[in-house]
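Numbering (the numbering used here), first residue to last: 467 to 851. Every residue gets a Cβ at the ideal spot worked out from N, C-alpha and C, and that includes glycine. Owing to the predicted nature of the structure, the values given are computational and were not obtained by experimental measurement.
Here's what the structure looks like:
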């Protein structure tokens, strides 16, 4: 944001950024997570086993050589970086590796155009790195509205990130201290570091699910509407490990609550994904909730689509933000919001207002009747409907 105000009354000098201090600060959040997770479980009487479990029967797992039999299991193992098949894929570092680097390399290539690549690229470029994102087709961030993504790509390129589409990586080789990334477009990209940003499938491949008759597919354990395995009723699954909902932290929390209720209660609770938000934490940020135009069309819904370039609006003007827009989808029959897509200031917070609107099934007229504080990003809500 410092760069945006050059010539607008603020004398901008190059910010002094220290990567090692950033990583040290990051660790104040992450280092304590394990202990902070274990302590309440242990106080509640939960017995913890640390190891790599695998099923050896429909009601038995083995961990650290010990076999445990149970009436029920909850598979919540999360996700891990996808195994990539091209030569030299082992030279890629993960997002976890990236966020543990003692020093930031000067040239970085991100393989894949998803959340990980865009978010980390926006961090790296602001710390002075030369950054390239290589994506294998013409649609990075496919879960998001294409017009919003185009706006993000433009903002990324203005920030100094080179976004190269239709560039499937075929090989990575190490030449001295450098990495050479070979793409199917015939180009080679030199870097000091290559980062894996090409997807995170469920981490279920080592669980030996076949031994427990647990059906699964590429998105995870196949479950019914109650998050119960369709093939082994002893087993529940949630979060990134389940083929249900989006692989997002809020969904994992929702699944955890529902599985607990269904294990201990009525066994009839179901997740409702209508108002699930998703955010890409770039600068500016991208956020969405509800349906895209394509999804609404596939459902046969009659919708009014309202798209607005917000770069001339007050909230964008006061921060000199050029790349900002919003798109809303309204059901013509009910006049209720069914989808919102935003890139701009505070999009990650602004989207939560629309989460509540969709959850409460508010009409456009009801939302427009509300009085929002001026001058805030939320005050623009009535203009984007």
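CB-CB length for residue i against residue j, believed under 8 Å
{"i": "residue 728", "j": "residue 520", "result": "No, residue 728 and residue 520 are not in contact; Cβ-Cβ is about 24 Å, not under 8 Å."}
{"i": "residue 665", "j": "residue 594", "result": "Not quite, the Cβ-Cβ distance comes to about 28 Å (not below 8 Å), so this is no contact."}
{"i": "residue 660", "j": "residue 557", "result": "6 Å"}
{"i": "residue 828", "j": "residue 788", "result": "That belief does not hold up - the Cβ atoms of residue 828 and residue 788 are roughly 31 Å apart, past 8 Å."}
{"i": "residue 627", "j": "residue 587", "result": "5 Å"}
{"i": "residue 774", "j": "residue 850", "result": "5 Å"}
{"i": "residue 654", "j": "residue 648", "result": "6 Å"}
{"i": "residue 716", "j": "residue 813", "result": "Between residue 813 and residue 716 the Cβ distance is about 16 Å, and since that is not below 8 Å, they are no contact."}
{"i": "residue 760", "j": "residue 776", "result": "That pair is no contact at about 23 Å."}
{"i": "residue 630", "j": "residue 598", "result": "6 Å"}
{"i": "residue 823", "j": "residue 837", "result": "Between residue 837 and residue 823 the Cβ distance is about 15 Å, and since that is not below 8 Å, they are no contact."}
Distance between residue j and residue i (C-alpha atoms, nearest Å)
{"i": "residue 786", "j": "residue 600", "result": "29 Å"}
{"i": "residue 536", "j": "residue 560", "result": "35 Å"}
{"i": "residue 744", "j": "residue 625", "result": "23 Å"}
{"i": "residue 578", "j": "residue 612", "result": "17 Å"}
{"i": "residue 585", "j": "residue 683", "result": "28 Å"}
{"i": "residue 668", "j": "residue 784", "result": "43 Å"}
{"i": "residue 819", "j": "residue 746", "result": "17 Å"}
{"i": "residue 494", "j": "residue 754", "result": "30 Å"}
{"i": "residue 513", "j": "residue 507", "result": "8 Å"}
{"i": "residue 526", "j": "residue 695", "result": "15 Å"}
{"i": "residue 853", "j": "residue 502", "result": "Since the first residue of the chain shown is 467 and the last is 851, residue 853 is not available in this structure."}
{"i": "residue 608", "j": "residue 614", "result": "11 Å"}
{"i": "residue 825", "j": "residue 742", "result": "9 Å"}
{"i": "residue 488", "j": "residue 778", "result": "34 Å"}
{"i": "residue 764", "j": "residue 780", "result": "36 Å"}
{"i": "residue 530", "j": "residue 582", "result": "33 Å"}
{"i": "residue 575", "j": "residue 596", "result": "9 Å"}
Residue i, DSSP secondary structure in three states
{"i": "residue 849", "result": "helix"}
{"i": "residue 662", "result": "strand"}
{"i": "residue 687", "result": "strand"}
{"i": "residue 721", "result": "helix"}
{"i": "residue 810", "result": "strand"}
{"i": "residue 497", "result": "coil"}
{"i": "residue 795", "result": "strand"}
{"i": "residue 815", "result": "helix"}
{"i": "residue 775", "result": "strand"}
{"i": "residue 600", "result": "strand"}
{"i": "residue 521", "result": "strand"}
{"i": "residue 576", "result": "strand"}
{"i": "residue 503", "result": "helix"}
{"i": "residue 512", "result": "coil"}
{"i": "residue 615", "result": "helix"}
{"i": "residue 838", "result": "coil"}
{"i": "residue 705", "result": "helix"}
{"i": "residue 622", "result": "helix"}
{"i": "residue 489", "result": "helix"}
{"i": "residue 693", "result": "coil"}
{"i": "residue 751", "result": "strand"}
{"i": "residue 783", "result": "helix"}
{"i": "residue 648", "result": "strand"}
{"i": "residue 679", "result": "coil"}
{"i": "residue 539", "result": "strand"}
{"i": "residue 740", "result": "coil"}
{"i": "residue 802", "result": "strand"}
{"i": "residue 605", "result": "coil"}
When the options are compared against residue i, the one with the closest alpha-carbon
{"i": "residue 817", "options": "801, 793 and 840", "result": "793"}
{"i": "residue 486", "options": "557, 611 and 568", "result": "568"}
{"i": "residue 864", "options": "530, 518, 552 and 556", "result": "What is shown of the chain runs 467 to 851, which leaves residue 864 out entirely."}
{"i": "residue 705", "options": "505, 529 and 543", "result": "543"}
{"i": "residue 693", "options": "598, 683, 709 and 843", "result": "709"}
{"i": "residue 539", "options": "655, 720, 497 and 523", "result": "523"}
{"i": "residue 621", "options": "835, 748 and 837", "result": "748"}
{"i": "residue 570", "options": "591, 578 and 691", "result": "591"}
{"i": "residue 634", "options": "602, 607, 654 and 609", "result": "602"}
{"i": "residue 650", "options": "842, 619, 563 and 637", "result": "637"}
{"i": "residue 842", "options": "824, 834, 782 and 806", "result": "782"}
{"i": "residue 678", "options": "484, 701, 713 and 496", "result": "701"}
{"i": "residue 739", "options": "720, 623 and 836", "result": "720"}
{"i": "residue 733", "options": "691, 763, 562 and 605", "result": "691"}
{"i": "residue 546", "options": "631, 671, 576 and 529", "result": "671"}
{"i": "residue 640", "options": "623, 596, 553 and 598", "result": "553"}
{"i": "residue 686", "options": "515, 676, 497 and 703", "result": "703"}
{"i": "residue 617", "options": "808, 598, 492 and 711", "result": "808"}
{"i": "residue 762", "options": "791, 735, 805 and 730", "result": "805"}
{"i": "residue 707", "options": "772, 821, 698 and 688", "result": "688"}
{"i": "residue 515", "options": "534, 840, 509 and 498", "result": "534"}
{"i": "residue 491", "options": "565, 610, 605 and 844", "result": "565"}
Below-7 Å beta-carbon distance, residue i vs any chain D residue
{"i": "residue 696", "result": "This model lacks chain D altogether; it includes just one protein chain."}
Task: Segment contact flag, the stretch 763 to 770 with the stretch 794 to 813, C-beta cutoff 8 Å, min 3 pairs - done: A contact exists between the stretch 763 to 770 and the stretch 794 to 813.
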